[in-house]
C-alpha cells in the first residue's frame, strides 16, 4: 500500500444554488499514484479537484494533506488549455516561474526542458492561436510540469480532442508519469483512457455526487498498445461500465 | 514535427493595402459625391456664399493654408492633451473601480452623468470658472467629452477575464497586483483600445465645441474660431476649408488609433487577425 498523500473524509459540498455536488465522499490518494476519477457529467469529479486545489472549500468533512509540503507543489491542467492568448508558448510556460519571482536566466533552462518533454521544441515563439488543440494542451501540460510539482491535477484535459490526438497524448502523459512518478489525479469521462493510464480508478455516480466503486489496475508500466487490445483490458472496462451504470441509477449507458 | 502552413504569414505590402477594396470603395464614393456636388452647384447656380464648389474650397484652403494650419495646430494641442489625459485617467479610474466594487457602485453613475450632460451647456461655465487659464478650460471640456468610453470599455475588459485563467492565477498564490499586471490589464487591452478609438474623435469634437463656446481671439485661436469668424463674415469657402481640415484631422486620428490597435493586437486578438485565404 502506498503512503497516503491526500485524504478526503466524509466530504460534502453544497453549492450556493443548493445543488449537492458531493455527498459523503471519502477518498485516499496515495503518494505517486495515478488516480482517475470517472463519471458522468455533474457527478462532482471536477469539484473534487477544485477542493484539493483549494479553489473551493468543503461544506462538511475534512480534506487533509498527509504530506503537507505537497500542498505547495501542486499543478493544475484545465480542460481548455487556459493559455494567455497574448503570450508566446515559451512565455506561457514560464508564467508560474515568473509569478513565483524566479528570474528569466534561472527559469530559461527549466522552461526549455519542459518544452522538450512535451515535444513542443520549435514552437516556442508561436502564439496559442497558431497551435492545434493538441499542441495547446501540450503547452498547458508543460506549464504545469515546469514547476516540477509533486501533485498534478488534470481536469478532463483531453476531453475536447480527437481520438488520435488523445491516444498520442495519453501515451506521452503515461511515459512522463512513469519517469517522474508524480501523484496524478486525473478526471475523465472516458473509460478507455482511465484504464490505460491509471493505477487506480474511482467511479463516481450522480444525484448526489458520490464514489460508487474503486478499481485497482494491476498492469505494469510502461503500458503498451497490446494492453489496450488484451482481454484483461476488456474486463476492467466492463467492470467500470457496470459501476458507471449503477451510478447513473436506472439509466442505461450501454 | 512538420508545419503544414507558415506560422507567421507575411505582411501585405503598403501598395497592396492601398489598392485593396477597403480603400478603393470609400474613395470611389467620395469622388462621386464631389462630382455630384460640383455639378449641383454649377446647374443650380447657387452663389459661393451659400455653397461653394469643391474646387473653390480647395483653392481657399491652399490660399489660407498658413493661417488655417496654425489654428489647426492649436486645436490639435488641446485635443492631444485632452486625449492623453482621458486615456491615462480612464485606465486609472477603471482600475480603481475593479479594486473595490463599492468604488464602482458609488462613482460610476457620476461618470455617466458627466457623459450625458450636454457639453455645450456646461462649457461656458467651465470657461468662466477657469478664465485665468483658457487652455486648461478647453482641455477640461475636451476631456469630459472623451474620458467616458475609455472608462466604460476598460472596466468591462478588466471584468472579462477568462474564468480558467482566473483560477490558474489563484492557484499560483498571486497577489492582486500580479493579477492586475499579468492578467487583467492584458485581458482589457482590446477593450481599452476600442475605447481609445472612440475617445480620439470625441476629444477633437470636445476641443472644437469648447473653442466655439470660448470664442478666444488673438494669435492662439483654434480652428473652431476660424470656422466661426468665417461664417460671421460670410467667407463660406474658408469655412468649408476649415471644416475640411477638422474632418481630415479626425480621420487621421481614427486611422492612427486603428493602426495602433492592430499593431498591439496583431499576434493574438481576433479583431486584428487577417483572414487567411
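Residue numbers (our numbering), protein chains in the order written: chain W, 1 to 254; chain V, 1001 to 1277. By construction, the Cβ of each residue, glycine as well, lies at the ideal position given by its N, Cα and C atoms. Note that this is a predicted model, so its numbers are computed, not measured.
Query: Buried versus exposed call for residue 43 of chain W [16 or more other C-beta atoms within 10 Å across all chains shown]; Result: buried
Query: Reduced DSSP category for residue 23 of chain W - H, G, I as helix; E, B as strand; rest coil; Result: strand
Query: With 16 other Cβ atoms within 10 Å as the buried cut-off, status of residue 1027 of chain V; Result: exposed
Query: Unbroken stretches of the alpha helix (DSSP H), 4 residues or longer, contained in the region 1176-1259 of chain V; Result: 1176-1179, 1185-1214 and 1223-1232
Query: Cβ neighbours of residue 149 of chain W in the same chain (closer than 8 Å, five flanking residues each side left out); Result: 73, 74, 75 and 182
Query: C-beta neighbour in chain C for residue 1115 of chain V, strict 8 Å; Result: The question asks about chain C, but that chain is absent: this structure's protein chains are W and V.
Query: Beta-ladder partner(s) of residue 186 of chain W, from DSSP; Result: W:36 and W:154
Query: Entirely enclosed beta strand (DSSP E) segments - the region 1008-1038 of chain V, minimum 3 residues; Result: none
Query: Closer than 8 Å to chain W by CB, residue 1170 of chain V; Result: yes
Query: Minimum C-alpha distance to residue 80 of chain W - residue among W:180, W:199, W:197 and W:134; Result: W:134
Query: DSSP-derived helix/strand/coil call for residue 135 of chain W; Result: helix
Query: Cβ pair count under 8 Å reaching 3, the region 1153-1167 of chain V against the region 1221-1228 of chain V; Result: no
Query: Cut-off 7 Å between Cβ atoms - residues of its own chain near residue 1015 of chain V, not counting five sequence neighbours on either side; Result: none
Query: Cα-Cα separation between residue 171 of chain W and residue 105 of chain W, rounded to whole angstroms; Result: 32 Å
Query: For residue 1176 of chain V and residue 1271 of chain V, believed in contact at Cβ under 8 Å, the rounded distance; Result: The Cβ separation is near 28 Å, so there is no contact.
Query: Where residue 1170 of chain V falls: helix, strand or coil (DSSP); Result: helix
Query: Residue 202 of chain W - partner residues in DSSP beta bridges; Result: W:37 and W:214
Query: C-alpha distance - residue 131 of chain W paired with residue 1070 of chain V, whole-angstrom precision; Result: 52 Å
Query: Beta bridge counterpart(s) of residue 313 of chain W as assigned by DSSP; Result: Since the displayed chain W opens at 1 and closes at 254, residue 313 of chain W lies outside it and no answer follows.
Query: Residue closest to residue 1205 of chain V, alpha-carbon to alpha-carbon, out of V:1174, V:1237 and V:1253; Result: V:1253
Query: Neighbour flag for residue 1154 of chain V against chain W, beta carbons, 8 Å; Result: no
Query: The region 21-55 of chain W: positions lying closer than 9 Å to chain V by Cβ; Result: 50, 53, 54 and 55
Query: Through-space distance from residue 1240 of chain V to residue 1231 of chain V, alpha-carbon basis; Result: 9 Å
Query: Neighbour list for residue 78 of chain W in chain V, Cβ cutoff strictly below 8 Å; Result: 1164, 1167 and 1168
Query: Where the region 1189-1218 of chain V meets chain W: residues whose CB sits under 7 Å from a CB there; Result: none
Query: Cut-off 6 Å between Cβ atoms - residues of its own chain near residue 246 of chain W, not counting five sequence neighbours on either side; Result: 212
Query: is_contact[residue 16 of chain W, chain V] using C-beta, thresh 8 Å; Result: no
Query: CB of residue 1237 of chain V within 8 Å of CB of residue 1098 of chain V, strictly; Result: no
Query: Local Cβ density within 10 Å of residue 35 of chain W, reported as buried at 16 or more and exposed below that; Result: buried
Query: Sub-8 Å separation of residue 184 of chain W and residue 137 of chain W beta-carbons; Result: no
Query: Candidates W:4, W:55 and W:108: closest to residue 30 of chain W by CA position; Result: W:4
Query: Limits of the unbroken alpha helix (DSSP H) element including residue 86 of chain W; Result: Here residue 86 of chain W belongs to no alpha helix (DSSP H), and DSSP marks it neither H nor E.
Query: Cβ of residue 127 of chain W within 8 Å of any chain V Cβ; Result: yes
Query: Below-8 Å beta-carbon distance, residue 86 of chain W vs any chain V residue; Result: yes
Query: Interface residues of chain W facing residue 1178 of chain V [CB-CB closer than 7 Å]; Result: 99
Query: Neighbour flag for residue 1143 of chain V against chain W, beta carbons, 8 Å; Result: no
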